[in-house]
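**Q** Supplied in structure tokens, the structure appears directly below.
In UniProt numbering, the protein residues as written are 1 to 85.
Okay, here's the thing in structure tokens:
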């Protein structure tokens with residue numbers, strides 16, 4: 001499997017089928033966000049996720065931080081718990 005590096009993170013090279021599935025998912029998500037009128041909420045979620053990046057440990061930030069309870073408990077993200085339920 002080939003791997004590419006971007007911004008210090010490593011990503012596998014994926015098939016065209018996978019890319020098409022991701023694009024389909026993105027389209028559905030955009031439709032959902034529009035239907036529910038939650039663009040401001042999504043922007044805030046992305047901002048707060050990215051703003052938790054720790055330069056010293058190079059952890060947190062926009063690469064999956066909201067998966068863990070410790071990140072949800074982070075002061076900047078406490079509001080997001082109600083959004084994720």
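Ideal placement from N, C-alpha and C gives every residue a C-beta, glycine not left out.
List the whole-angstrom C-beta distance separating residue 101 from residue 62, where the pair is believed to meet the contact cut-off of C-beta under 8 Å.
**A** Nothing in the structure corresponds to residue 101, since the chain is present only between 1 and 85.
**Q** Where does residue 59 sit, in a helix, a strand or coil, going by DSSP?
**A** Working through the chain shown from its first residue, we reach residue 59 at position 59. It is a strand residue.
**Q** Within 10 angstroms of its Cβ, does residue 57 collect 16 or more other Cβ (buried), or is it exposed?
**A** Translated into the one-based positions of the chain shown, residue 57 becomes position 57. Result: exposed.
**Q** I believe residue 60 touches residue 52 by the beta-carbon criterion, under 8 Å. Please report the beta-carbon distance rounded to the nearest angstrom.
**A** Mapped onto the chain shown, residue 60 falls at position 60. Mapped onto the chain shown, residue 52 falls at position 52. Rounded, the Cβ-Cβ distance is 4 Å, consistent with contact.
**Q** So residue 31 is in the alpha helix (DSSP H); what residue range does that whole segment cover?
**A** Counting from one through the chain shown, the residue named residue 31 turns up at place 31. Unbroken alpha helix (DSSP H) run through residue 31: 16–36.
**Q** In the DSSP assignment, find the alpha helix (DSSP H) that holds residue 39 and state where it starts and stops.
**A** Stepping through the chain shown from its first residue, residue 39 is reached at position 39. From DSSP, the alpha helix (DSSP H) with residue 39 extends over 39–50.
**Q** Would you call residue 49 buried or exposed, if buried means 16 or more other Cβ atoms sit within 10 Å of its Cβ?
**A** Position 49 of the chain shown, counted from the start, is the residue given in the question as residue 49. Residue 49 should be labelled buried.
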